[in-house]
């Protein structure tokens, strides 16, 4: 018999499914509510087990539930799938989440602090800009290659070639294509500046965080590694030993015994 009620939450942007089970295992309700109503529910309900899948905004809702004294459990969607009964609907998903949260031996995901999530968000944004820069670089090179203009590797070669090709005296590229190429090149240069700015913002946050500073005191750990280690494993209190932390961040192979 459980000592707490269980609230299984299937998160979404506008309509959130909430399944409530009492401490005796009886289903109380399973209905859709708005995000504002969920905030009210978490604030007014007695401390309970609040479970949700690891997905977008789960860390925000998990921190909010913890502020109201709830025992929050974030579960991997793969682990929830085994408890799904019937068709995949919001109601069935919420029920499966609630059931999975009280299973013996179930492993739960770490709830990130706002600092950890901020680092992760900044890194995701940096990677997005980096990918966009690579895509623009490849597109411009392919653009020129179609007209017999080949470039050496590296940004320096790209800059030098663009200065020549965009000159009105260079006739290798049809005149009707130069305006579009100029737009692409301007966007490339802007993306380079934005990527540099994003990296500065992230580096500034890393320098302010005391856990990251302590990680950087270790030999071989710089700002990039320190930020990702802190964003992923926090203070390490979720792990019983170093091996568990190593497995979590992918440093040890999976077991197939």
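In my numbering, the protein residues as written are 21 to 277. By construction, the Cβ of each residue, glycine as well, lies at the ideal position given by its N, Cα and C atoms.
Give every residue of the same chain whose Cβ lies closer than 8 Å to the Cβ of residue 235, excluding the five residues on either side of it in the sequence, and list them in chain order. If we look at residue 235 and ignore the five residues flanking it on each side, its Cβ neighbours are 241, 245, 246, 249, 250.
Buried or exposed for residue 107, please, with buried defined as at least 16 other CB atoms from any protein chain shown within 10 angstroms of its CB. Note on residue 107: under 16 other CB atoms within 10 angstroms of its CB, so exposed under the neighbour-count rule.
Beta bridge counterpart(s) of residue 73 as assigned by DSSP: In the DSSP assignment, residue 73 forms a beta bridge with 95.
Look at the Cβ atom of residue 278, then the Cβ atom of residue 69, and state whether they are nearer than 7 Å. The displayed coordinates of the chain run from 21 to 277. Any statement about residue 278 would go beyond what the structure contains.
Cutoff 8 Å; reference residue 91; Cβ partners in own chain excluding five residues on either side: Closer than 8 Å at Cβ, skipping near neighbours: 24, 67, 68, 69, 70.
Going along the chain, which residues of its own chain have a beta-carbon closer than 6 Å to the beta-carbon of residue 21, five neighbours each way excluded? Because residue 21 carries a pLDDT of 44, less than 50, the predicted location of this residue cannot be relied on, and the following value inherits that uncertainty. Counting only Cβ-Cβ distances below 6 Å, and skipping sequence neighbours, we find nothing.
Whose C-alpha, out of 146, 31, 85, is nearest the C-alpha of residue 219? Per the Cα distances, 146.
Distance check for residue 162 and residue 176, CA to CA, integer angstroms please. Taking the straight line from one Cα to the other gives about 17 Å.
Note down the Cα distance separating residue 95 from residue 229, rounded to an integer number of angstroms. Roughly 28 Å between the two C-alpha positions.
Which residues in the same chain as residue 168 place their Cβ atom closer than 8 Å to its Cβ, once the five residues preceding and following it in sequence are excluded? Result list for residue 168: 192, in chain order.
Would you give the residue range spanned by the beta strand (DSSP E) that residue 37 belongs to? 36-41 is the span of the beta strand (DSSP E), which, as asked, contains residue 37.
Contacting residues, own chain, Cβ-Cβ under 7 Å from residue 26 (five flanking each side not counted): Non-local C-beta neighbours of residue 26 in its own chain, meaning closer than 7 Å and more than five positions away in sequence, comprise 41, 68, 69, 71, 118, 121, 122, ordered along the chain.
Cβ neighbours of residue 156 in the same chain (closer than 8 Å, five flanking residues each side left out): Correct list, in chain order: 204, 207, 208, 211.
Would you mind reading off the limits of the beta strand (DSSP E) that contains residue 252? From DSSP, residue 252 is part of no beta strand (DSSP E) but of the alpha helix (DSSP H) over 243-253.
In its own chain, which residues sit with a C-beta less than 7 Å from the C-beta of residue 265, not counting the 5 before and 5 after it? So the qualifying residues of the chain are 253, 256, 259.
Using beta-carbon positions only, say whether residue 61 and residue 85 come within less than 7 Å of one another. Cβ atoms of residue 61 and residue 85: not closer than 7 Å.
Going along the chain, which residues of its own chain have a beta-carbon closer than 8 Å to the beta-carbon of residue 186, five neighbours each way excluded? The residues are 198, 201, 202, 205.
What's the gap between the Cα of residue 216 and the Cα of residue 149? Roughly 10 Å between the two C-alpha positions.
Can you give me the Cβ contacts of residue 231 inside the same chain, cut-off strictly under 7 Å, excluding the 5 residues immediately before and after it? Here the set comprises 250, 255.
The beta strand (DSSP E) spanning residue 52 covers which residue range? Counting along the chain, the beta strand (DSSP E) containing residue 52 begins and ends at 47-53.
Could you spell out where the alpha helix (DSSP H) holding residue 256 opens and where it closes? It is not in any alpha helix (DSSP H) - residue 256 carries neither H nor E in the DSSP assignment.
Run through DSSP, which three-state label would residue 27 get? Three-state result, residue 27: strand.
Taking Cβ to Cβ, would you say residue 38 is nearer than 7 Å to residue 29? Yes, these two residues count as a Cβ contact at 7 Å.
Any alpha helix (DSSP H) of 4 or more consecutive residues that is wholly inside the segment 123-191: Here the runs fully enclosed are 134-165, 175-185.
Taking only three categories from DSSP, how would you classify residue 231? Annotated three-state conformation of residue 231 is helix, per DSSP.
Host alpha helix (DSSP H) of residue 266 (start-end): Where residue 266 is concerned, the enclosing alpha helix (DSSP H) stretches over 262-268.
Since residue 79 is in the alpha helix (DSSP H), which residue starts that stretch and which ends it? Secondary structure note for residue 79: its alpha helix (DSSP H) is the uninterrupted segment 78-87.
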